[in-house]
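The sequence shown lines up with residues 1 to 572 when you count with UniProt numbering.
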Amino acid sequence: MKVIFTFSFLWRESSGDKLEGESRLNANVNVVSLSVGKLVNISQAPGMENFQSPVICGKCSAALSCLSTIQRNVWVCEFCGCENSVDDRLRRVCIGQRAGVRSDDLYLPYQSDDDYQNLEDTLVVFCVDISGSMSVTTEVTSSSGFPAHVSRLEGIQDALQRALTSMMQQSPRRRVALVTFGDEVVIYGDGTSTPLTLRDWALVDYDHIWERGAAYSIPHCIAETYQQLIKRVKELREHGATCLGPAALASVAMASRYPGSKVILCTDGLANIGLGEMEQTPSLSSSPLTPYFYRQLALQAVGSGVIISLMTFEGTDCRLADVGKLADTTGGRVNIVSLGTIASEMQSASMDNVLATGVTATLLASDGMYFPYEDENNHKLVREIGNVTKGLEITFQFAVKPEFMEVFFRRNTLPFQLQLSFKTRDQQRVTRIITEQRPVTSSSRLWAGSFNVAVLGVHCAQLCASLTMEGRVQEAQRQLRAQQELLNQISKYRPIQKQESIYSNWMDTMTTICDDITTESQTLSDEAAKVVYQMKRASSVGNNNSSSSSSSNATETQKRPVRKKKALMEGM
Numbered sequence: 001m002k003v004i005f006t007f008s009f010l011w012r013e014s015s016g017d018k019l020e021g022e023s024r025l026n027a028n029v030n031v032v033s034l035s036v037g038k039l040v041n042i043s044q045a046p047g048m049e050n051f052q053s054p055v056i057c058g059k060c061s062a063a064l065s066c067l068s069t070i071q072r073n074v075w076v077c078e079f080c081g082c083e084n085s086v087d088d089r090l091r092r093v094c095i096g097q098r099a100g101v102r103s104d105d106l107y108l109p110y111q112s113d114d115d116y117q118n119l120e121d122t123l124v125v126f127c128v129d130i131s132g133s134m135s136v137t138t139e140v141t142s143s144s145g146f147p148a149h150v151s152r153l154e155g156i157q158d159a160l161q162r163a164l165t166s167m168m169q170q171s172p173r174r175r176v177a178l179v180t181f182g183d184e185v186v187i188y189g190d191g192t193s194t195p196l197t198l199r200d201w202a203l204v205d206y207d208h209i210w211e212r213g214a215a216y217s218i219p220h221c222i223a224e225t226y227q228q229l230i231k232r233v234k235e236l237r238e239h240g241a242t243c244l245g246p247a248a249l250a251s252v253a254m255a256s257r258y259p260g261s262k263v264i265l266c267t268d269g270l271a272n273i274g275l276g277e278m279e280q281t282p283s284l285s286s287s288p289l290t291p292y293f294y295r296q297l298a299l300q301a302v303g304s305g306v307i308i309s310l311m312t313f314e315g316t317d318c319r320l321a322d323v324g325k326l327a328d329t330t331g332g333r334v335n336i337v338s339l340g341t342i343a344s345e346m347q348s349a350s351m352d353n354v355l356a357t358g359v360t361a362t363l364l365a366s367d368g369m370y371f372p373y374e375d376e377n378n379h380k381l382v383r384e385i386g387n388v389t390k391g392l393e394i395t396f397q398f399a400v401k402p403e404f405m406e407v408f409f410r411r412n413t414l415p416f417q418l419q420l421s422f423k424t425r426d427q428q429r430v431t432r433i434i435t436e437q438r439p440v441t442s443s444s445r446l447w448a449g450s451f452n453v454a455v456l457g458v459h460c461a462q463l464c465a466s467l468t469m470e471g472r473v474q475e476a477q478r479q480l481r482a483q484q485e486l487l488n489q490i491s492k493y494r495p496i497q498k499q500e501s502i503y504s505n506w507m508d509t510m511t512t513i514c515d516d517i518t519t520e521s522q523t524l525s526d527e528a529a530k531v532v533y534q535m536k537r538a539s540s541v542g543n544n545n546s547s548s549s550s551s552s553n554a555t556e557t558q559k560r561p562v563r564k565k566k567a568l569m570e571g572m
């Protein structure tokens with residue numbers, strides 16, 4: 001758990017020791033950054049003490065830790081002040097001789113062998129658009145060096161065959177299923193059974209589609225069904241409209257039987273029939289009025305431990321701001337592909353990188369603090385994260401209520417606690433609790449040279465992307481301006497490192513997108529929506545190589561420079 005905890009906003013203009021040239025900050029620099037992808041990977045945390053269940057405060061649900069103080073068997077909660085009775089046995093177990101400024105404990109409740117799941121017992125569903133528009137061709141250079149015209153469906157077929165071959169070689173025990181959609185949904189499953197077709201009235205019956213999808217058996221692994229799946233893929237032909245919503249629903253229902261499964265959704269056009277159709281409604285992208293169907297399906301997928309990734313073709317309009325909710329909510333990937341990139345993107349999306357499901361993060365701070373831009377306006381924040389893959393990083397702002405400022409200003413440290421509850425890949429229930437004391441300062445000279453630009457940059461990207469998707473564009477613009485001002489002030493005390501300049505580029509990208517929304521239209525193009533969704537899942541450069549408690553965490557860097565007008569970012 002990385003924390004920037006600097007009370008620079010407590011700096012008072014009338015203070016006699018104000019440094020020359022200093023000004024009040026508009027940016028809130030108090031940010032918590034959590035490398036969730038590392039924290040849920042308990043195989044990387046050897047030597048940690050394990051307990052069966054934590055001792056919980058009766059008022060705020062904080063957990064007793066080695067940082068807690070017990071006098072005469074009474075624990076006064078360091079977060080809310082509530083008095084809790086604790087017997088000697090629990091005190092010895094939870095505190096013992098481990099006094100310090102940080103504790104990190106695992107709680108593993110007893111489970112029977114029946115509660116566990118085979119790590120390879122997951123499903124990948126390829127949900128593929130075969131509507132009439134998939135016959136559109138693009139000129140490419142053939143292997144012989146001559147120009148050739150390849151249709152989108154031919155590109156999908158080639159990508160599917162490559163993905164199936166890769167999975168056959170690397171994960172032969174995984175289950176794989178195929179679903180196609182045009183003006184009807186066809187469930188091929190693992191290719192060994194009679195296909196199931198959904199059409200007409202069935203395309204608008206949510207419960208019926210879910211029941212049929214969930215009941216469709218996938219008994220075999222790809223080692224047993226590879227040839228049948230390849231044959232089904234080669235036989236695909238374009239026709240009809242685009243019933244994307246019903247196909248996505250059926251695919252999630254199939255995958256819901258196996259927590260940790262994935263749905264790879266490939267399309268080239270607007271959903272225009274069945275549940276989730278959008279052709280008859282005006283675009284409401286960048287507003288909270290996105291179609292209810294996609295929100296409902298995304299939440300149902302999260303509850304089942306299913307990750308959805310979405311791929312659309314460049315040059316098409318799929319209302320990505322709306323349909324992309326499926327991937328954004330479930331922890332999947334959102335990308336726009338070409339015939340040249342779809343194969344590699346499909347293989348990346350189908351990789352077995354799920355670390356945990358059903359993840360919930362509870363963050364506690366001292367009473368009198370709160371978390372801006374969150375639903376709760378108190379010192380306790382609960383965030384339903386859902387599915388977690390490698391590299392996931394989430395950030396939170398925290399602040400102090402005005403009436404508590406002077407009290408906190410007189411303290412040297414303040415406590416924070418993270419309670420992370422989740423299921424591992426084998427469905428083991430785990431709670432990881434980290435408690436830390438963090439220093440408080442109001443020295444502007446101290447913060448100017450020591451800010452973690454990575455944490456601040458990632459947080460600004462995630463926050464502004466979320467605000468933009470919610471339609472709060474002007475608030476996002478204010479945050480972006482404040483962040484740029486902060487970077488300018490930091491640069492007066494030390495040079496901005498080359499790696500850190502990436503975060504400034506992110507701010508430029510988001511500024512361009514927000515300016516385009518306010519000056520040109522009230523909607524997000526598919527390309528802009530892709531970038532915003534990637535920004536929502538930004539992580540700091542070097543994340544995958546650093547520990548979860550180090551001073552900098554990371555993400556993949558952008559592969560190409562930002563193009564101002566199009567506002568594109570790659571590789572996040």
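Cβ atoms here follow ideal geometry from the backbone N, Cα and C, with glycine treated the same way.
Using a 10 Å radius around the Cβ and a threshold of 16 neighbouring Cβ atoms, would you call residue i buried or exposed?
| i | result |
| --- | --- |
| residue 256 | buried |
| residue 89 | exposed |
| residue 495 | exposed |
| residue 235 | exposed |
| residue 72 | exposed |
| residue 226 | buried |
| residue 415 | buried |
| residue 554 | With a pLDDT of 31 at residue 554, under the threshold of 50, the predicted position of this residue should be treated as unreliable, and no value is reported. |
| residue 407 | exposed |
| residue 315 | exposed |
Quick check: what's the CA-CA separation for residue i versus residue j?
| i | j | result |
| --- | --- | --- |
| residue 131 | residue 395 | 40 Å |
| residue 421 | residue 259 | 16 Å |
| residue 466 | residue 321 | 12 Å |
| residue 21 | residue 62 | Interpretation of residue 21 is limited by its pLDDT of 41, a score under 50 that renders its predicted location unreliable; the figure taken from the coordinates is listed afterwards. If you take the alpha carbons of residue 21 and residue 62, they lie about 42 Å apart. |
| residue 126 | residue 176 | 8 Å |
| residue 397 | residue 454 | 14 Å |
| residue 298 | residue 330 | 6 Å |
| residue 172 | residue 222 | 6 Å |
| residue 135 | residue 340 | 16 Å |
| residue 35 | residue 348 | 21 Å |
| residue 356 | residue 41 | 8 Å |
| residue 380 | residue 364 | 5 Å |
| residue 278 | residue 266 | 17 Å |
| residue 532 | residue 468 | 8 Å |
| residue 169 | residue 506 | 38 Å |
| residue 104 | residue 535 | 30 Å |
| residue 486 | residue 368 | 26 Å |
| residue 77 | residue 437 | 14 Å |
If distances are taken between C-alpha atoms only, which option among the options comes closest to residue i?
| i | options | result |
| --- | --- | --- |
| residue 526 | 348, 312, 76 and 457 | 312 |
| residue 203 | 183, 31 and 221 | 183 |
| residue 389 | 218, 328 and 489 | 328 |
| residue 74 | 85, 68, 156 and 134 | 85 |
| residue 28 | 152, 272, 370 and 249 | 370 |
| residue 509 | 491, 484, 124 and 523 | 484 |
| residue 188 | 171, 150 and 212 | 212 |
| residue 502 | 523, 468, 512 and 539 | 539 |
| residue 345 | 451, 248 and 158 | 158 |
| residue 332 | 432, 273, 537 and 67 | 537 |
| residue 573 | 243, 480 and 499 | Nothing in the structure corresponds to residue 573, since the chain is present only between 1 and 572. |
| residue 243 | 263, 179 and 224 | 179 |
| residue 250 | 238, 144 and 210 | 210 |
| residue 323 | 316, 315 and 310 | 310 |
| residue 435 | 425, 459 and 419 | 419 |
First and last residue of the alpha helix (DSSP H) that includes residue i?
| i | result |
| --- | --- |
| residue 487 | 473–493 |
| residue 37 | 36–39 |
| residue 297 | 292–303 |
| residue 439 | Premise fails: residue 439 lies in the beta strand (DSSP E), 429–439, not in any alpha helix (DSSP H). |
| residue 184 | Residue 184 -> no alpha helix (DSSP H), and no H or E assigned at all. |
On the premise that residue j lies in contact with residue i, defined as a C-beta separation below 8 Å, what is that separation, rounded to the nearest angstrom?
| i | j | result |
| --- | --- | --- |
| residue 306 | residue 252 | 5 Å |
| residue 240 | residue 271 | About 13 Å; that fails the 8 Å criterion. |
| residue 79 | residue 417 | 7 Å |
| residue 457 | residue 342 | Contact flag wrong, Cβ pair sits at about 31 Å. |
| residue 302 | residue 378 | With 8 Å as the limit, residue 302 and residue 378 do not qualify as a contact, their Cβ atoms being about 25 Å apart. |
| residue 185 | residue 247 | 5 Å |
Considering residue i, what are the terminal residues of the beta strand (DSSP E) in which it resides?
| i | result |
| --- | --- |
| residue 576 | With the chain running from 1 to 572 in the structure shown, residue 576 is simply not present. |
| residue 361 | 354–364 |
| residue 386 | 380–389 |
| residue 500 | Per DSSP, residue 500 belongs to no beta strand (DSSP E) and is neither H nor E. |
| residue 265 | 262–267 |
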